[in-house]
Every structure is written in C-alpha cells, then in structure tokens.
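Comments concern the structure below.
Residue numbers (our numbering): -8 to 201.
Here it is, written out as structure tokens:
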C-alpha cells in the first residue's frame, strides 16, 4: 500500500493556465481504459491529498482528478468557474464525487456548468434547495456559525496544537473500528499533520461560510 510521499511522486501536480491568466494546480491520472472520469472533492478541510488511497483505488478503473480549493478563488462560484475551465482544458466529462463541503461545490458546478458533468455522487452533505424547510435552514446556519467560531479560535490557537486537536478528534471516533481501519485512519491523521497550515485553513472556513 502506498504512503502519501510515494503517491505524490507517482501522481505529480500539474498546472494549467485558465482563461484570464489564473493558474490552476491539480493532479490528473488519465486511465487509457477508463470507465469514466471522477473528480474527488474533499470536505471543509479542503485537502484532496487525504484522498490518496481513494485516488489510487479509483485509478485502477477510472481517470481521476483532484485539486485543492485554491486561495485565489475566494468564492465558491469563482471556484466553480475555474473547475469548469479546467475540465474544458482537459476535454473531460466527469462524475463529481463530493464529501461534505465538496458535495456543495459539486452541486454548484453542476448547476452552472452542466455541459461537463455526467453525474454526482454526494456524501454527508446538504442540499441548497430553494424550498428548504425552516428546521433544515436553522441547522445549516448553525453549521455556518460553527465555522465562524472556529475561524476566530484559530487566531488564538498555535497551529501545531490545532493539528493535534483535529487528529485527536478524528481518532476518538474510531474506537469501534477494526485494528486495520484504525491504522488507516491514523495514517490519514499523520498526513494531516504534514498538509494543514493556518492560512489555508482560514481560507477554507471562508469558503464554508461564503
């Protein structure tokens, strides 16, 4: 089984210049016998390399694209336009696989740029329906306020401490998992320690409440 370092070496980052001049970084594996192309969209932590095991497994049968939610795109609508431009440049029609915030972004891309989207696979996310009931609206706004609270806290908490707190919060939820599952989750937490930085996390909270 691969580790993060070997994954990054095998699937190196690429950069595309988008219309308007912005540069967009991404990882892309084009499978010559692909059943389809999937784009893996992570949740609010915004670190697609934490999906590296998923990427490798999908790459056995599919073409795969990942990217982070780059800081130059300060609103989800701008990110959606950039994603559509990336897909135009790659000439790909894709399935968007979105988890949590990634599911919201998948819906935005599909709504405004349907010409490149084959379908959606959504996990642990929410709908942005206009007929959303009051209870669902209150729940969503509570989640947004929680993101604002954590953004304020991050100004006071040293980043190494914040990383350890996040890893602890994840691992305490794995008590009922098998030893192998816990080992995999610990590997993801170790990768989190390498990848997460304060500036990007603040950007991700801005995306979550935009």
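Cβ atoms here follow ideal geometry from the backbone N, Cα and C, with glycine treated the same way.
Supposed contact pair residue j and residue i - C-beta distance, whole angstroms, cut 8 Å
i: residue 157; j: residue 186; result: That pair is no contact at about 11 Å.
Residues near residue i in its chain [Cβ-Cβ closer than 6 Å; skip 5 each side]
i: residue 189; result: 150
i: residue 27; result: 53 and 86
i: residue 154; result: 184 and 187
i: residue 59; result: 37 and 39
i: residue 83; result: 28
i: residue 169; result: none
i: residue 146; result: none
i: residue 176; result: 165
C-alpha distance - residue i paired with residue j, whole-angstrom precision
i: residue -8; j: residue 171; result: Annotation note: pLDDT 49 at residue -8 (below 50); position unreliable, coordinate value reported separately. Taking the straight line joining both Cα atoms gives about 13 Å.
i: residue 109; j: residue 86; result: 5 Å
i: residue 191; j: residue 39; result: 13 Å
i: residue 198; j: residue 66; result: 6 Å
i: residue 162; j: residue 174; result: 10 Å
i: residue 115; j: residue 93; result: 9 Å
i: residue 91; j: residue 127; result: 15 Å
i: residue -5; j: residue 125; result: 42 Å
i: residue 164; j: residue 181; result: 16 Å
i: residue 136; j: residue 129; result: 10 Å
i: residue 3; j: residue 134; result: 34 Å
i: residue 179; j: residue 0; result: 17 Å
i: residue 45; j: residue 35; result: 17 Å
i: residue 144; j: residue -2; result: 33 Å
i: residue 167; j: residue 123; result: 34 Å
i: residue 159; j: residue 47; result: 26 Å
i: residue 68; j: residue 11; result: 16 Å
Cutoff 7 Å; reference residue i; Cβ partners in own chain excluding five residues on either side
i: residue 78; result: 85 and 107
i: residue 75; result: 100, 104 and 107
i: residue 132; result: none
i: residue 142; result: 193 and 196
i: residue 49; result: 29 and 55
i: residue 117; result: 95 and 131
Beta-carbon spacing of residue i, residue j below 7 Å
i: residue 42; j: residue 32; result: no
i: residue 63; j: residue 13; result: yes
i: residue 207; j: residue 111; result: In the structure displayed, the chain extends from -8 to 201; residue 207 sits before or after that span and is not available.
i: residue 113; j: residue 73; result: no
i: residue 80; j: residue 7; result: yes
Nonlocal neighbours in the same chain, by C-beta distance under 8 Å from residue i, ignoring five residues either side
i: residue 148; result: 156
i: residue 71; result: 96, 99, 100, 103 and 104
i: residue 61; result: 15, 16, 70 and 73
i: residue 5; result: 16, 17, 18 and 19
### Message
Assess contact between the stretch 54 to 63 and the stretch 17 to 27, defined as three or more Cβ pairs (one per stretch) separated by less than 8 Å. Is contact present?
### Response
yes
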